[in-house]
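Residue numbers for the sequence shown follow our numbering, beginning at 165 and rising by one.
From the three backbone atoms N, C-alpha and C, an ideal C-beta is built for every residue, glycine too.
To keep things clear, I will list the structure first and then write my remarks on it.
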Amino acid sequence: MCKGIMAENTPVRLLVILSEDSSVRMELRKGIPNSLEELMDEVKNACGLEGYIRLQYKDTDFGNIFVNLTSTTVIKDLTILKVIQLEPDSTVVLYPVDPPMSSTPLFGLDSDDSSVSAHTDDTILLSSPSSDSLRTQQWPRVFPIPRFSYDTECQLQRGNAEYMTSQTRLTPSSKMLSDILEKVAESIYAYKPYPEDSDFSDVAEALTRKHPCLKEPGSFNESYGWKCRMKIKMANYRTQLKAHGTSAELTVNSLKSKSQEDSYPAKNLKRPRRAEVNHFPSLPSGETTGSLKQEKISLLAELQKRNNRQTIKEKMAKTFGYRRQEIVHKQPSIEDIMARWPALFQMEEINAEFM
165 MCKGIMAENT
175 PVRLLVILSE
185 DSSVRMELRK
195 GIPNSLEELM
205 DEVKNACGLE
215 GYIRLQYKDT
225 DFGNIFVNLT
235 STTVIKDLTI
245 LKVIQLEPDS
255 TVVLYPVDPP
265 MSSTPLFGLD
275 SDDSSVSAHT
285 DDTILLSSPS
295 SDSLRTQQWP
305 RVFPIPRFSY
315 DTECQLQRGN
325 AEYMTSQTRL
335 TPSSKMLSDI
345 LEKVAESIYA
355 YKPYPEDSDF
365 SDVAEALTRK
375 HPCLKEPGSF
385 NESYGWKCRM
395 KIKMANYRTQ
405 LKAHGTSAEL
415 TVNSLKSKSQ
425 EDSYPAKNLK
435 RPRRAEVNHF
445 PSLPSGETTG
455 SLKQEKISLL
465 AELQKRNNRQ
475 TIKEKMAKTF
485 GYRRQEIVHK
495 QPSIEDIMAR
505 WPALFQMEEI
515 NAEFM
């Protein structure tokens with residue numbers, strides 16, 4: 165794929181504010197980049213920055229306040245930019261703890277099924293063909309548009325080049341439209357099966373930003389039609405997964421799995437969010453409830469050993485799906501959770517679970 169074409173060839177001067185007492189003057193000799201990502205790269209190279217950043221610009225229409233930059237079309241000569249340094253998503257490391265042996269009886273739960281575990285949505289899970297087990301990433305700050313089929317990519321490349329020269333919009337064929345929506349739906353589901361309205365806006369804008377020939381002049385952000393299509397596609401995509409039984413997380417939301425008094429779509433909907441206890445992944449490939457019960461018993465023994473961090477980490481990751489399913493299905497009381505998962509109430513594990 166070709167790099168984005170510069171919107172102008174006239175050099176543009178920018179003032180980049182890095183902090184209260186540090187700023188850099190830079191010049192875009194080839195003009196303003198067409199994409200926001202390319203502008204970020206230019207700023208990072210000129211200022212010697214690394215990692216994740218967000219750009220803001222001084223908006224003269226609103227009293228010279230700094231506003232988040234979402235498009236390079238507002239950039240002109242002598243624009244003042246401000247860099248916001250972002251922290252990358254942290255990777256949580258799980259540490260074993262030495263919990264006191266509890267003699268508290270567990271009411272309503274199997275007595276041979278006790279263990280200690282903690283996790284965040286960033287916990288690395290053992291490989292599984294289930295899409296639930298593979299969804300371990302947070303929603304990205306800039307949504308990465310996937311590569312489409314070879315034919316679609318070629319048409320988009322030609323369409324983008326034509327759009328840059330004549331502002332001619334590409335009208336995708338039904339085959340091309342289906343390919344784009346299918347690949348985008350797969351990418352969205354890798355992060356969350358139930359995106360919010362703002363998430364669809366992020367994806368639609370990312371699509372038209374990467375492929376400007378798909379913009380829809382006259383609609384909100386020139387991408388509202390794509391947002392609506394993606395919502396419909398995601399609903400159909402979830403239906404397909406439920407029909408094939410490949411997602412326990414979606415199955416738990418279906419009407420057939422609810423009691424008669426709860427049998428309407430919005431009731432008790434288990435939509436997984438970061439740090440929520442109703443996250444519902446599948447069990448690891450090749451594992452059963454029985455085998456994971458034994459794994460939990462083994463985990464209890466491993467907790468009594470010292471310098472055993474890696475083994476504990478692996479066993480906690482392996483039993484992650486089992487613990488989540490137990491909480492969603494059985495809905496134990498706080499007392500039962502404290503007895504079954506005492507490590508969750510240690511300071512280190514509380515931070516790891518909810519930060």
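Under a Cβ-count criterion, where at least 16 other Cβ atoms within 10 Å of its own Cβ denotes burial, should residue i be classed as buried or exposed?
| i | result |
| --- | --- |
| Gln319 | buried |
| Cys392 | exposed |
| Gln162 | No answer is possible for residue 162: it lies beyond the span of the chain, which begins at 165 and ends at 519. |
| Leu250 | exposed |
| Met265 | Confidence in Met265 is poor, its pLDDT being 42 and thus under 50, which makes the residue's placement too unreliable to answer from. |
| Gln474 | exposed |
| Ser183 | exposed |
| Glu214 | exposed |
| Thr316 | buried |
| Tyr314 | exposed |
| Glu191 | exposed |
| Gln458 | exposed |
| Ala282 | Low per-residue confidence applies at Ala282: pLDDT is 37, beneath 50, and the placement is therefore not dependable enough to give any value. |
| Glu386 | buried |
| Asn198 | buried |
| Asp276 | Any reading at Asp276 needs caution, since the residue's pLDDT is 42, under 50, leaving its predicted position unreliable; the model's value is listed next. Result: exposed. |
| Lys494 | exposed |
| Thr403 | exposed |
| Gly485 | buried |
| Asn173 | exposed |
| Leu289 | Note that Leu289 has pLDDT 35, beneath the 50 cutoff, so the model's placement of it is unreliable and the number below is only indicative. The residue in question, Leu289, is buried, as its Cβ has 16 or more Cβ neighbours within 10 Å. |
| Phe364 | buried |
| Glu369 | buried |
| Ile498 | exposed |
| Ile229 | exposed |
| Gln468 | exposed |
| Arg488 | buried |
| Val207 | buried |
Bridge partners of residue i, per DSSP?
| i | result |
| --- | --- |
| Lys222 | Phe230 |
| Ser186 | Ser183 |
| Thr243 | Leu178 |
| Leu192 | Val176 |
| Leu250 | Tyr216 |
Nearest to residue i by CA position, among the options, is which residue?
| i | options | result |
| --- | --- | --- |
| Gly389 | Lys356, Thr335, Lys494 and Lys406 | Thr335 |
| Gly195 | Ile461, Val176 and Lys482 | Val176 |
| His375 | Ser383, Asn400, Arg333 and Asp361 | Arg333 |
| Gln331 | Ser338, Ser337 and Gly323 | Gly323 |
| Leu371 | Pro308, Ile244 and Ser187 | Pro308 |
| Lys246 | Tyr221, Ile239, Ser387 and Lys240 | Tyr221 |
| Lys479 | Glu466, Glu369, Ser497 and Glu499 | Glu466 |
| Val367 | Ile344, Glu326 and Gln468 | Ile344 |
| Ile181 | Asn173, Ala210 and Leu200 | Ala210 |
| Leu378 | Leu341, Thr483, Asn173 and Glu201 | Leu341 |
| Arg311 | Glu201, Val348 and Lys240 | Val348 |
| Val231 | Asp241, Leu242, Ile248 and Tyr216 | Ile248 |
| Leu242 | Ser235, Asp223 and Arg487 | Asp223 |
| Tyr216 | Glu360, Tyr355 and Val306 | Val306 |
| Thr483 | Ser462, Pro496 and Arg470 | Ser462 |
| Ser186 | Val492, Lys397 and Gly212 | Gly212 |
| Ile396 | Glu380, Phe384, Gly382 and Asp361 | Asp361 |
| Met204 | Met328, Leu456, Thr234 and Pro381 | Thr234 |
| Thr236 | Leu178, Val188, Phe226 and Tyr355 | Leu178 |
Can you list, in chain order, the stretches of the alpha helix (DSSP H) that have 4 or more residues and sit fully within the region 363-416? Correct list: 388-408 and 412-415.
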